[in-house]
Amino acid sequence: MRSLVGLVAVVVSASLYLYSLSLYLPAGPRRRPHSATDKEHLDSESEKLQPPDSAEETSRLKFPSDLEELRELAELLQFYKTEHTGYVLLLFCSAYLYKQSFAIPGSSFLNILAGAIFGPYQGLLLACALTTVGSTMCYLLSQAFGKRYIVNLFPNKVSMLQRKVEENQDSLFFFLLFLRFFPMTPNWFLNMSAPIVNIPITFFFCSVFIGLLPYNFICVQTGVMLSEVSSLDDLFSWERLLQLLAIACMALLPGALIRHYSQRRLRLDVQSQNGLITDKKVQ
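Residue numbers for the sequence shown follow full-length UniProt numbering, so the first one is 1 and each next one is one higher.
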């Protein structure tokens, strides 16, 4: 009971912090005319330059559930980032860690948002760092508060993962990489169950950073393209086609190397039935 109360206290505290942060949305950036010509030009575009009502802005600060909401949120945060980079960065990092720490689905939308707001390089660095830190926080929360509840809720899946971890102790790090590249179990479940099946936190931390790098790269590049593409002609340009080719190589090459290694060294279940893994082993 004490662990449940502690977990609820952590969730409530984090939720209040994130909500309070969204309420302190700073004033939107405005251009100041320096001459009569500039003033006339700005007057003609005043509707575009003036930010919407603050209450409306706050209502738009929510986790996106589809691409339309994602595009609207990206436009809003890009608008504020011009003069309030620190606030946008703090808000994005806080929201990302909130999702990852409490195993809330939908991190792919935030990875895409990272690419749209921060660009390909900063966006990828942020996505990888936040994914790793957030997953590690989920690991620590599960270790401190959730072991008994997770075992009671998912007894079969926990026992199956425990058995596979024990079978692959000699190559545990590569086994964890395999699970990230070819998830036999959802990432959120692996984050929560890792401390229960005695996966060392150092192995866990490094495997998340490396194993989810291709996935984060794809999502961030998707966000970059969504923020830059305005027509089908832009999408099918040579530059975009080369970007898509690079994304495909980034996604396929590490997975192929891990699969090649796993076929020789790991003992894995490779067939699934009714959401559970059957007992076929790869030597």
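Virtual Cβ for every residue (Gly too), placed ideally from N, Cα, C.
None of the values given here were measured: they were computed from a predicted structure.
Please determine if the stretch 106-113 and the stretch 213-229 are in contact, where contact requires at least 3 C-beta pairs separated by less than 8 Å. yes
Output the distance between the C-alpha atoms of W188 and F182, rounded to the nearest integer angstrom. Reading the sequence shown from its first residue, position 188 is the one you call residue 188. Reading the sequence shown from its first residue, position 182 is the one you call residue 182. Straight-line Cα distance between these residues: approximately 14 Å.
Find out if the Cβ-Cβ distance for the pair Q100, S108 is shorter than 9 Å. Counting from one through the sequence shown, the residue named residue 100 turns up at place 100. Counting from one through the sequence shown, the residue named residue 108 turns up at place 108. In this structure, S108 does not lie closer than 9 Å to Q100 by Cβ.
Buried versus exposed, by CB contacts within 10 Å (16 or more), A116: The residue given as residue 116 occupies position 116 in the sequence shown. Result: buried.
Around the Cβ of P214, are there at least 16 other Cβ atoms within 10 angstroms (buried) or fewer (exposed)? Taking the sequence shown and counting its residues from 1, one reaches residue 214 at position 214. Result: buried.
Reference F118; option with closest CA among Q143, V88, V12: Position 118 of the sequence shown, counting from 1, holds the residue named residue 118. Comparing Cα positions, the closest option is V88.
Measuring only the C-alpha atoms, how far is P105 from I201? Stepping through the sequence shown from its first residue, residue 105 is reached at position 105. Stepping through the sequence shown from its first residue, residue 201 is reached at position 201. Rounded to the nearest angstrom, the two C-alpha atoms are 22 Å apart.
Could you tell me whether the stretch 4-24 touches the stretch 139-149, where touching means 3 or more Cβ pairs closer than 8 Å? yes
V208: first and last residue of the uninterrupted alpha helix (DSSP H) it sits in: Residue numbering aside, residue 208 sits at position 208 when the sequence shown is read from its first letter. Where V208 is concerned, the enclosing alpha helix (DSSP H) stretches over 201-211.
Spatially closest choice to V197 from M137, L179, K147, L130, by CA coordinates: Taking the sequence shown and counting its residues from 1, one reaches residue 197 at position 197. For V197, the nearest C-alpha among the options comes from K147.
Alpha-carbon spacing of Y79 relative to S159, whole angstroms: Counting from one through the sequence shown, the residue named residue 79 turns up at place 79. Counting from one through the sequence shown, the residue named residue 159 turns up at place 159. Note that residue 79 is Phe in the sequence shown here, rather than Tyr. The straight-line gap from Cα to Cα measures roughly 49 Å.
Check whether Y96 and L61 have beta carbons under 9 Å apart: Counted from its first residue, the sequence shown places residue 96 at position 96. Counted from its first residue, the sequence shown places residue 61 at position 61. Going by C-beta atoms, Y96 is not nearer than 9 Å to L61.
For the alpha helix (DSSP H) containing I150, name the first residue and the last one. Start at 1 with the first residue of the sequence shown, and residue 150 comes out as number 150. Note, I150: alpha helix (DSSP H), 147-153.
What is the DSSP secondary structure of L25, reduced to helix, strand or coil? Counted from its first residue, the sequence shown places residue 25 at position 25. L25 falls in the coil class under three-state DSSP.
Under the three-state DSSP convention, the category D66 falls into: Within the sequence shown, residue 66 is the residue found at index 66, counting from 1. Coil.
In chain order, what residues of the same chain have a beta carbon less than 8 Å from the beta carbon of A14, not counting five sequence neighbours either side? Taking the first residue of the sequence shown as 1, we reach residue 14 at position 14. The answer, listed in chain order, is Y98, S101, F102.
With S193 as the anchor, note down where its alpha helix (DSSP H) starts and where it stops. To locate residue 193, count along the sequence shown from 1; it is residue 193. Unbroken alpha helix (DSSP H) run through S193: 187-193.
Reference L126; option with closest CA among M137, S94, H84: Reading the sequence shown from its first residue, position 126 is the one you call residue 126. When only C-alpha atoms are compared, the closest one is S94.
Straight-line Cα distance separating I218 from T132: The residue you call residue 132 lines up with position 132 of the sequence shown. The residue you call residue 218 lines up with position 218 of the sequence shown. T132 and I218: Cα-Cα distance of roughly 16 Å.
Where S135 falls, given that 16 or more other Cβ within 10 Å makes a residue buried: If you number the sequence shown from 1, residue 135 lands on position 135. Buried: at least 16 other Cβ atoms inside 10 Å.
Roughly how many whole angstroms lie between the Cα atoms of I210 and L190? Taking the sequence shown and counting its residues from 1, the one referred to as residue 210 is at position 210. Taking the sequence shown and counting its residues from 1, the one referred to as residue 190 is at position 190. Their Cα atoms are separated by approximately 15 Å.
For V197, which of helix, strand or coil comes out of DSSP? The sequence position of residue 197 within the sequence shown is 197, counting from 1. Correct three-state label for V197: coil.
With a threshold of 6 Å on Cβ separation, who are the neighbours of L212 within its own chain once the five nearest residues in sequence on each side are excluded? As a working mapping, residue 212 is identified with position 212 in the sequence shown. Cβ neighbours of L212 beyond the five flanking positions: T131, R180.
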